[in-house]
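Chemist: Numbering (the numbering used here), first residue to last: 1 to 361.
Cβ atoms here follow ideal geometry from the backbone N, Cα and C, with glycine treated the same way.
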Amino acid sequence: MADNTTLLDKLSGLKEKYEDLQRQMAAPDVMSDMKRFVQISKEYKELEPIIDAGEKYRKMLGDYSDAKDILVNEKDEDLRGMARDEIQVLDIEMPRMEEEIKLLLIPEDPEDGKNAIIEIRGGTGGDEAAIFAGDLFRMYSKYCEIKGWKIEVTSFSAGAMGGYKEIIFKISGDKVYGTMKYESGVHRVQRVPQTETQGRIHTSAASVAVFPEAGEFDVDLNMNDVRKDIFCASGPGGQGVNTTYSAIRLTHIPTGIVVQCQDERNQNKNFEKALNELRTRLYNLEYQKYLDGISAKRKTMVSTGDRSAKIRTYNYPQSRVTDHRINWTMYNLPVFMDGNIQECIDALQVAENAERLKAAE
Numbered sequence: 001m002a003d004n005t006t007l008l009d010k011l012s013g014l015k016e017k018y019e020d021l022q023r024q025m026a027a028p029d030v031m032s033d034m035k036r037f038v039q040i041s042k043e044y045k046e047l048e049p050i051i052d053a054g055e056k057y058r059k060m061l062g063d064y065s066d067a068k069d070i071l072v073n074e075k076d077e078d079l080r081g082m083a084r085d086e087i088q089v090l091d092i093e094m095p096r097m098e099e100e101i102k103l104l105l106i107p108e109d110p111e112d113g114k115n116a117i118i119e120i121r122g123g124t125g126g127d128e129a130a131i132f133a134g135d136l137f138r139m140y141s142k143y144c145e146i147k148g149w150k151i152e153v154t155s156f157s158a159g160a161m162g163g164y165k166e167i168i169f170k171i172s173g174d175k176v177y178g179t180m181k182y183e184s185g186v187h188r189v190q191r192v193p194q195t196e197t198q199g200r201i202h203t204s205a206a207s208v209a210v211f212p213e214a215g216e217f218d219v220d221l222n223m224n225d226v227r228k229d230i231f232c233a234s235g236p237g238g239q240g241v242n243t244t245y246s247a248i249r250l251t252h253i254p255t256g257i258v259v260q261c262q263d264e265r266n267q268n269k270n271f272e273k274a275l276n277e278l279r280t281r282l283y284n285l286e287y288q289k290y291l292d293g294i295s296a297k298r299k300t301m302v303s304t305g306d307r308s309a310k311i312r313t314y315n316y317p318q319s320r321v322t323d324h325r326i327n328w329t330m331y332n333l334p335v336f337m338d339g340n341i342q343e344c345i346d347a348l349q350v351a352e353n354a355e356r357l358k359a360a361e
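(1) Would you give the residue range spanned by the alpha helix (DSSP H) that M94 belongs to?
(2) Once you ignore the five residues that flank K181 on each side, which residues in its own chain have a CB closer than 6 Å to its CB?
(3) Quick check on C261: buried or exposed, where buried means 16 or more other Cβ atoms within 10 Å of its Cβ?
(4) Kindly list the residues whose CB is nearer than 6 Å to the CB of G237, restricted to its own chain and excluding five residues on each side of it in sequence; keep chain order.
(5) Mark D91 as exposed unless 16 or more other C-beta atoms lie within 10 angstroms of its C-beta, in which case mark it buried.
(6) I need the straight-line Cα distance from L282 to I201, nearest angstrom please.
(7) Check whether the Cβ atoms of E145 and G339 sit closer than 9 Å, and answer yes or no.
(8) Reducing DSSP to helix, strand and coil, say where P212 ends up.
(9) Can you check which of these residues, I248, N327, S204, N276, is closest to D263 by C-alpha distance?
(10) As a quick exercise: from V189, S41, E183, pick the residue whose alpha carbon is nearest that of Q349.
(11) So, A83 versus D66, is the Cβ gap smaller than 9 Å?
(12) For the alpha helix (DSSP H) holding T313, just list the boundary residues, first then last.
(13) Tell me which residues share the same chain as L103 and place their Cβ nearer than 8 Å to its Cβ, disregarding the 5 neighbours each side in the sequence.
(14) To the nearest angstrom, report how far apart V259 and P334 are at their CA atoms.
(15) Thinking C-alpha only, which one of V208, Q190, Y143, A27 is nearest Y164?
(16) Buried or exposed for K114, going by 16 or more other Cβ atoms inside 10 Å?
(17) Report buried or exposed for I171, applying the criterion of at least 16 other Cβ atoms within 10 angstroms of its Cβ.
(18) Could you check where the beta strand (DSSP E) with S157 kicks off and where it finishes?
(19) Output the distance between the C-alpha atoms of L8 and R80, rounded to the nearest integer angstrom.
(20) Nearest-angstrom Cα distance between V189 and T124?
(21) Which residues in the same chain as I101 place their Cβ atom closer than 8 Å to its Cβ, once the five residues preceding and following it in sequence are excluded?
(22) Quick check for students: name the residue ranges of the beta strand (DSSP E) that lie wholly in the segment 250 to 284, counting only runs of 3 or more.
(23) Near D323, what residues of its chain come up, given a Cβ to Cβ distance below 6 Å and the 5 sequence neighbours on each side ignored?
(24) Suppose you measure from the CA of E16 to the CA of M94; what does that come to, to the nearest Å?
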């Protein structure tokens, strides 16, 4: 077992901070300042798991000390036997708890708890790349169903033979970005395309970019810098879609960022969705610098700006999916494409945690 004095010191410091945040949340000046209250509540919630783990660990240390005391001072053999059993169990459990606490002590990536906005684009491979982008969107939709997450499409451009040249959507739920961030990068597919008559295997690709959704207080957006255009929505949705001016295009003049939303029939709803995406893209201009910094150090992470980084190959003839960052392979591609991607994400998280622990030491 590790020397636990340093660990206990760190835990005590965090407990003091936790109690201080609790006091701050009840203070009238904080309660009347929404932005500050949201920030403090977020910090408080993030500390909860480590405070709980710290309490369990302290209890273990107390039980261990009591059991040792019984072995030294107690004559009753039954009590001594029970103490020996307890020490045996704690000798296994305490080092595990120490590792868990060390991991919890490493600060989470600041955006992990947020919702995510995802952009899938068909890359090299023309029609087949667009079909594959559609397959990836279906895979993520199925995964969201399994997780109980909500998915909302903001905009899309359909491929000529099916799928999407580009699709942008938002996923809402618990720790969405912290889970989906590993999907950023180039996804490559090897299969006989539906568009191919000769039965030859083609390689095509689609790129996935995952952004943490910006909260209302994350970006100071001056609406004077935003140009708003309203136009007729196009695409499926019945006759009403094409005849109502409900689609919204927003242009952020200082950066040139353009977003649009035509998913809803209601102009105000489209405006809200587009504004939300614009905030996220502006926020990510800054977040990108952080991502570039960590992606250089962690093989599990690809910066959203690096669209050339190939992360995964989907090989249909061999029913194989391989994640190149951690050399993870699964030989059941239909199940994976049906949204069962958790095993791969778990393996990526384990690899990332190992990298973070190493960096912290």
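Modeler: Checking against the coordinates, here is how it stands:
(1) 77 to 105
(2) V210
(3) buried
(4) For G237, the predicted structure reports a pLDDT of 45, less than 50, and the residue's modelled location is therefore unreliable. The matter cannot be settled from this model.
(5) exposed
(6) Distance from the CA of L282 to the CA of I201, rounded to the nearest whole angstrom, comes to 40 Å.
(7) yes
(8) strand
(9) D263 has its Cα closest to that of I248, out of I248, N327, S204, N276.
(10) E183
(11) yes
(12) Looking at the DSSP string, T313 is not in any alpha helix (DSSP H); the run it does join, the beta strand (DSSP E), is 310 to 315.
(13) N353, R356, L357
(14) 34 Å
(15) V208
(16) Classification of K114: buried, given that the 10 Å Cβ count is 16 or more.
(17) Label assigned to I171: buried.
(18) 150 to 158
(19) 28 Å
(20) 10 Å
(21) L7, L11, I50, A53, G54, Y57
(22) 257 to 261
(23) R312, C344
(24) 23 Å
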